[in-house]
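In order, the protein sequence lines correspond to chains A and B.
Sequence positions in the first sequence follow our numbering and run 1 to 115.
Sequence positions in the second sequence follow our numbering and run 1001 to 1115.
The beta-carbon is built from N, C-alpha and C at its ideal position, and this holds for glycine as well.
Notes for the one structure printed next.
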Amino acid sequence: DVKVTQSSRYLVKRTGEKVFLECVQDMDHENMFWYRQDPGLGLRLIYFSYDVKMKEKGDIPEGYSVSREKKERFSLILESASTNQTSMYLCASSLAAGGRTDTQYFGPGTRLTVL
Amino acid sequence: GNSVTQMEGPVTLSEEAFLTINCTYTATGYPSLFWYVQYPGEGLQLLLKATKADDKGSNKGFEATYRKETTSFHLEKGSVQVSDSAVYFCALSDRTSGSARQLTFGSGTQLTVLP
């Protein structure tokens, strides 16, 4: 079974702090994704990566950056946390798109609260 | 751009009732369509998928048919159980960057099944 793990289930930080969210997958997937999930808005893509050191902006990248130094690990960084970044953060991974479908496998999520 | 519109929730049903959750989409290309499920406290899991028009995806008693003429992918189950209580997300996969197919999600529908 594919396993995607996230470093914390719950996190509380102060406004202005630098925050790191870590994600690790164990299935040698090329693609990794970071989403945030907010009530009534579904999941929105923040950033994704299709290879080591490669990254692309998603729909809402402002206030976030990412790092992918190793294939299995994808980090989301909040340079200076703000209260409007309080949310559930979900990481996902998928194999390279060799066909029409490209199933994404999700981690359990990190619920971040910024005070 | 691509978008997914889901039936507003929450939906509350009695055990053994028939379930329909509506999903319609807008896409410029020929998307693949997915239903994901999120059980309480967990990440998203793929429930079913369809890659082309008239395909039917099915899993765990749930079904959805890819209807290109009505741009819809409604989720149905003939007899729901308490254990089906979860949030259901409709999604489409169309855009490709590098090797990564991106997903666009609907806002989610909360289902509660009462015994």
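Inter-residue spacing [alpha-carbon to alpha-carbon] between residue i and residue j
i                       : j                       : result
residue 19 of chain A   : residue 54 of chain A   : 21 Å
residue 1070 of chain B : residue 65 of chain A   : 39 Å
residue 15 of chain A   : residue 80 of chain A   : 7 Å
residue 1013 of chain B : residue 86 of chain A   : 32 Å
residue 1018 of chain B : residue 1105 of chain B : 24 Å
residue 1088 of chain B : residue 1044 of chain B : 9 Å
residue 43 of chain A   : residue 63 of chain A   : 17 Å
residue 1084 of chain B : residue 1113 of chain B : 7 Å
residue 12 of chain A   : residue 1040 of chain B : 20 Å
residue 5 of chain A    : residue 1042 of chain B : 11 Å
residue 1036 of chain B : residue 1059 of chain B : 11 Å
residue 51 of chain A   : residue 69 of chain A   : 9 Å
residue 39 of chain A   : residue 1110 of chain B : 10 Å
residue 36 of chain A   : residue 83 of chain A   : 14 Å
residue 1054 of chain B : residue 90 of chain A   : 31 Å
residue 1079 of chain B : residue 1115 of chain B : 12 Å
residue 25 of chain A   : residue 109 of chain A  : 13 Å
residue 59 of chain A   : residue 28 of chain A   : 25 Å
residue 17 of chain A   : residue 1034 of chain B : 37 Å
residue 115 of chain A  : residue 22 of chain A   : 21 Å
residue 1047 of chain B : residue 1065 of chain B : 13 Å
Of the listed residues the options, nearest to residue i (C-alpha basis)
i                       : options                           : result
residue 1102 of chain B : A:14, A:95 and A:68               : A:95
residue 113 of chain A  : A:105, A:24 and A:9               : A:9
residue 30 of chain A   : A:102, A:110 and A:38             : A:102
residue 41 of chain A   : B:1076, B:1107 and B:1111         : B:1107
residue 47 of chain A   : A:111, A:84, A:115 and A:78       : A:78
residue 1086 of chain B : B:1068, B:1021 and B:1058         : B:1021
residue 61 of chain A   : A:115, A:34, A:68 and A:50        : A:34
residue 1011 of chain B : B:1082, B:1048, B:1092 and B:1094 : B:1082
residue 1007 of chain B : B:1058, B:1079 and B:1090         : B:1090
residue 1077 of chain B : B:1109, B:1016, B:1054 and B:1066 : B:1016
residue 73 of chain A   : A:56, A:111 and A:93              : A:93
Reduced DSSP secondary structure (H/G/I, E/B, other) of residue i
i                       : result
residue 51 of chain A   : strand
residue 82 of chain A   : coil
residue 8 of chain A    : coil
residue 102 of chain A  : coil
residue 94 of chain A   : strand
residue 59 of chain A   : coil
residue 1083 of chain B : helix
residue 1018 of chain B : coil
residue 1049 of chain B : strand
residue 1063 of chain B : strand
residue 88 of chain A   : strand
residue 72 of chain A   : coil
residue 1076 of chain B : strand
residue 1114 of chain B : strand
residue 1094 of chain B : strand
Whole-number beta carbon distance between residue j and residue i, since they are thought to touch under 8 Å
i                       : j                       : result
residue 1063 of chain B : residue 1052 of chain B : Not really, about 16 Å apart at Cβ, beyond 8 Å.
residue 1032 of chain B : residue 1049 of chain B : 6 Å
residue 1026 of chain B : residue 1002 of chain B : 6 Å
residue 1075 of chain B : residue 1004 of chain B : Rounded, the Cβ-Cβ distance is 12 Å, inconsistent with contact.
For a minimum of 3 consecutive residues, which ranges assigned as the beta strand (DSSP E) are wholly contained in the segment 14-43 of chain A? 19-25 and 31-38
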